[in-house]
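Those letters in the sequence shown? Residues 31 to 531, per this note's numbering, in order.
See below for the structure under consideration.
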Amino acid sequence: MKRLLIPLAAAGLSAVTLAAPASAQPHWASDDLQPKPADAYGAAFFWLDSNGAALKKATQYTLDTKSVPKMVTSGGSGTTDNGKPGSTAPTGTTKSSAKVSNINLPKTVGKVFFLDKSGRYRWCTATSIQSRNRNLVATAGHCVFENGKDDVYDKWIFVPGYYQGKAPWGVYVGAYAFTAYDLDTYDDYDGDYAFVAVHNGFGLGPEKQVSKAQYDKWLGDKWAKDVAITQAEYTKCVDLHGGETPDCWAKLSTNADVVGPDYPNKKRAFKEVTKEQYSKAPSGNGNGAKEPLKTVVDNVTKSQYESYKGPGYQKIDALGNYTITHYFLGYWVKETTKTQYFKTVFTVGIARDMGRLGDTVGGQGFAWNQPLNQTVMAFGYPSAPHPDGDKPFTGVTPKHCYGKTGTKTTQVNMFRVDTHQTLKCSMTPGADGGPWLMKYSNAKRVGYVNGVTSMFHDTDKNGRIDHISSAVFDSETADVYNKANYATTKKIVGPNGELLK
Numbered sequence: 031m032k033r034l035l036i037p038l039a040a041a042g043l044s045a046v047t048l049a050a051p052a053s054a055q056p057h058w059a060s061d062d063l064q065p066k067p068a069d070a071y072g073a074a075f076f077w078l079d080s081n082g083a084a085l086k087k088a089t090q091y092t093l094d095t096k097s098v099p100k101m102v103t104s105g106g107s108g109t110t111d112n113g114k115p116g117s118t119a120p121t122g123t124t125k126s127s128a129k130v131s132n133i134n135l136p137k138t139v140g141k142v143f144f145l146d147k148s149g150r151y152r153w154c155t156a157t158s159i160q161s162r163n164r165n166l167v168a169t170a171g172h173c174v175f176e177n178g179k180d181d182v183y184d185k186w187i188f189v190p191g192y193y194q195g196k197a198p199w200g201v202y203v204g205a206y207a208f209t210a211y212d213l214d215t216y217d218d219y220d221g222d223y224a225f226v227a228v229h230n231g232f233g234l235g236p237e238k239q240v241s242k243a244q245y246d247k248w249l250g251d252k253w254a255k256d257v258a259i260t261q262a263e264y265t266k267c268v269d270l271h272g273g274e275t276p277d278c279w280a281k282l283s284t285n286a287d288v289v290g291p292d293y294p295n296k297k298r299a300f301k302e303v304t305k306e307q308y309s310k311a312p313s314g315n316g317n318g319a320k321e322p323l324k325t326v327v328d329n330v331t332k333s334q335y336e337s338y339k340g341p342g343y344q345k346i347d348a349l350g351n352y353t354i355t356h357y358f359l360g361y362w363v364k365e366t367t368k369t370q371y372f373k374t375v376f377t378v379g380i381a382r383d384m385g386r387l388g389d390t391v392g393g394q395g396f397a398w399n400q401p402l403n404q405t406v407m408a409f410g411y412p413s414a415p416h417p418d419g420d421k422p423f424t425g426v427t428p429k430h431c432y433g434k435t436g437t438k439t440t441q442v443n444m445f446r447v448d449t450h451q452t453l454k455c456s457m458t459p460g461a462d463g464g465p466w467l468m469k470y471s472n473a474k475r476v477g478y479v480n481g482v483t484s485m486f487h488d489t490d491k492n493g494r495i496d497h498i499s500s501a502v503f504d505s506e507t508a509d510v511y512n513k514a515n516y517a518t519t520k521k522i523v524g525p526n527g528e529l530l531k
């Protein structure tokens with residue numbers, strides 16, 4: 031595998047203990063994403079391999095509809111259940127001493143990446159949100175769940191501050207996702223929001239060359255490479271070690287000049303064979319014998335894996351790495367036989383724990399049962415064109431909209447929506463899941479999440495998006511948030527950079 035040049039993330043999530051709901055039918059539902067450390071590690075590698083090639087390949091998620099969802103005013107006002115307003119304060123608030131005239135972008139906002147059910151590389155917008163364990167991400171439910179009740183997306187990660195394949199504050203892999211029961215069960219977009227508990231982030235530090243024994247035991251980023259050496263270097267190495275080692279071995283392309291073990295002027299050479307041929311071969315040091323020394327696992331990129339045509343055995347391991355295992359059989363050949371001389375260099379990547387998400391970038395506050403007509407700042411990574419084909423956004427950097435939400439809730443029959451709140455805004459898909467922040471402090475870069483972008487609307491039918499809508503954050507939303515709030519996580523990178531079990 032090529033060395034990754036940007037941070038990646040993984041961590042173990044311990045069992046989540048949740049209190050039983052007070053009512054017979056819960057307001058929330060939860061699903062696994064990548065709860066196991068090895069799965070989380072593999073998801074991060076999938077996206078970050080080859081210097082973030084998969085991240086750069088991803089496109090914005092768009093709702094599965096050929097037309098812009100039609101929005102109808104429902105006449106409702108206030109909150110949907112008239113519950114008592116509530117909020118939790120943001121964390122990581124550091125006041126800036128400088129006066130600013132432009133909008134300061136919050137560190138908490140970034141992109142989530144995932145594979146949809148067709149295998150396409152997708153992204154949405156999300157934000158870190160305050161929680162007791164500093165490990166929670168808020169986004170749209172449709173950026174986590176495939177058509178609500180079907181399944182969660184695969185290889186889900188969050189990258190705060192994402193920019194052109196770079197992750198300045200690490201990558202955080204989703205462990206558990208929490209959403210509204212009605213979205214999960216009935217695909218009802220009145221509950222189009224999700225809270226995802228993420229693993230500790232981690233990044234890659236220096237690389238280190240190790241022995242084959244250390245390489246075989248290493249859990250994490252590693253790769254092996256055969257490097258050509260001269261015959262003189264080979265001879266010196268064999269004399270030093272009293273025989274062939276991973277530091278010096280000869281590769282035989284054919285079985286020409288094979289001799290018996292008693293031949294006076296002979297040398298040992300190895301020929302690569304298939305896994306099946308290797309398994310049937312005898313052990314020892316005779317001709318056509320297998321030797322454990324010459325079984326080498328190479329970690330390669332996805333493109334190298336897919337284009338490989340040799341006899342090596344291809345496999346995607348438990349960490350999601352693309353591997354090719356090479357099997358060699360030993361032969362005695364004449365000293366004059368033409369061979370190629372190699373040494374195998376074994377390298378491991380030393381990972382470093384980046385800590386909890388909220389400790390690294392902070393977390394926005396959370397508010398529910400707030401009146402409509404609130405002043406909010408909405409952030410997102412818009413990218414899709416307007417219905418008329420114009421494409422003003424690139425999705426490279428986050429954009430924002432500022433204003434008051436509508437005074438009445440709206441309906442969107444196409445997605446079973448009865449009560450969405452709206453905001454005048456021209457951001458297009460890609461901004462899905464972006465936070466709507468009440469009481470946003472430009473100096474502190476924090477506010478209170480009181481919605482996430484769910485849909486995009488063309489209210490005057492001129493081919494341009496002019497409004498976005500969000501689920502109303504009510505007592506049911508608070509119930510979902512409360513369940514996610516108790517999810518606990520732990521780091522999975524040890525003091526030596528190894529993946530913990």
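Each residue gets a CB set at the ideal place from its N, CA and C atoms; glycine is no exception.
Nothing here was measured: the structure is a model prediction, and the numbers come from that model.
Item	Value
So residue 423 and residue 460 are supposed to be a Cβ contact under 8 angstroms. How far apart are they, rounded?	7 angstroms
With residue 389 as the anchor, note down where its beta strand (DSSP E) starts and where it stops.	Segment 387-391 is the alpha helix (DSSP H) holding residue 389; no beta strand (DSSP E) there.
Provide the residue span of the beta strand (DSSP E) that contains residue 229, from first to last.	Neither: residue 229 is in no beta strand (DSSP E) and is coded neither H nor E.
Just to check my reading of the structure: residue 597 and residue 225 have Cβ atoms closer than 8 angstroms, yes? What is that Cβ distance to the nearest angstrom?	The chain is shown from 31 up to 531; residue 597 falls before or after that span and cannot be answered.
Just list the alpha helix (DSSP H) runs in the segment 280-347, keeping only unbroken ones of 4 residues or longer that don't cross its boundaries, in chain order.	305-310, 332-337
List in chain order: all unbroken beta strand (DSSP E) runs of 3+ residues lying wholly within the segment 390-476.	395-398, 405-410, 429-434, 440-442, 447-454, 465-471
Label residue 140 either buried or exposed according to how many other C-beta atoms from any shown protein chain fall within 10 Å of its C-beta, with 16 as the threshold for buried.	buried
Report yes if the CB atom of residue 395 is closer than 8 angstroms to the CB atom of residue 477, and no otherwise.	yes
Go ahead and pull the three-state DSSP assignment for residue 262.	helix
What first and last residue would you give for the alpha helix (DSSP H) that runs through residue 60?	Looking at the DSSP string, residue 60 is not in any alpha helix (DSSP H); the run it does join, the beta strand (DSSP E), is 58-62.
To the nearest angstrom, how far is the alpha carbon of residue 512 from that of residue 223?	14 angstroms
Enumerate in chain order the residues of its own chain whose CB-to-CB distance from residue 146 is below 8 angstroms, with the five nearest sequence positions on each side excluded.	91, 152, 176, 183
Can you list, in chain order, the residues of its chain with a C-beta nearer than 7 angstroms to that of residue 399? Leave out the 5 residues immediately preceding and following it.	109, 113, 114, 115, 116, 504, 505
Pop quiz: residue 280 and residue 299 are said to be a contact at Cβ under 8 angstroms. What is the actual Cβ separation, rounded to whole angstroms?	4 angstroms
In whole angstroms, what is the alpha-carbon distance linking residue 80 and residue 331?	7 angstroms
Report the option in 136, 150, 172 whose CA atom is closest to the CA atom of residue 158.	136
Quick check: what's the CA-CA separation for residue 327 versus residue 364?	29 angstroms
Between the alpha carbons of residue 143 and residue 522, how many angstroms are there, rounded?	21 angstroms
Hey, residue 442 and residue 219 are a contact pair by Cβ (cut 8 angstroms); roughly how many whole angstroms apart?	7 angstroms
Suppose the cutoff is 8 angstroms on Cβ atoms and the five residues either side in sequence are ignored; what does the same chain contact list for residue 361 look like?	282, 285, 288, 298, 299, 300, 301, 317, 318
Tell me whether residue 426 is buried or exposed, calling it buried when 16 or more other Cβ atoms sit within 10 Å of its Cβ.	exposed
Around the C-beta of residue 231, are 16 or more other C-beta atoms found within 10 angstroms, so that it is buried, or is it exposed?	buried
In its own chain, which residues sit with a C-beta less than 7 angstroms from the C-beta of residue 86, not counting the 5 before and 5 after it?	195
So what's residue 249 in DSSP terms, helix, strand or just coil?	coil
For residue 470, which residues from the same chain have a beta carbon less than 6 angstroms from its beta carbon, with the 5 sequence-adjacent residues on both sides left out?	407, 477
Could you pull out every residue in the same chain whose Cβ sits closer than 7 angstroms to the Cβ of residue 347, ignoring the five residues on either side in sequence?	353
Check the C-beta distance from residue 227 over to residue 508 and give it rounded, since I have them as a contact under 8 angstroms.	About 17 angstroms separates the two Cβ atoms, so there is no contact after all.
Below 8 angstroms on the Cβ atoms is my contact criterion, and I expect residue 154 with residue 138 to pass it. Report the Cβ-Cβ distance as a whole number of Å.	So it is not a contact: roughly 15 angstroms between Cβ atoms.
Can you tell me which of the three DSSP states residue 149 falls into?	coil
If you follow the beta strand (DSSP E) that residue 353 is part of, which residue opens it and which one closes it?	352-364
Would you mind sorting residue 356 into buried or exposed? The rule is 16 or more other CB atoms within 10 Å of its CB.	buried
Please state if the CB of residue 497 and the CB of residue 438 are separated by a distance shorter than 8 angstroms.	no
Taking the beta strand (DSSP E) that residue 500 falls in, what are its first and last residues?	497-501
With a 10 Å radius around its C-beta and 16 neighbouring C-beta atoms as the bar for buried, classify residue 499 as buried or exposed.	buried
Give the DSSP bridge partners of residue 187, in chain order.	143, 203
Would you mind sorting residue 309 into buried or exposed? The rule is 16 or more other CB atoms within 10 Å of its CB.	exposed
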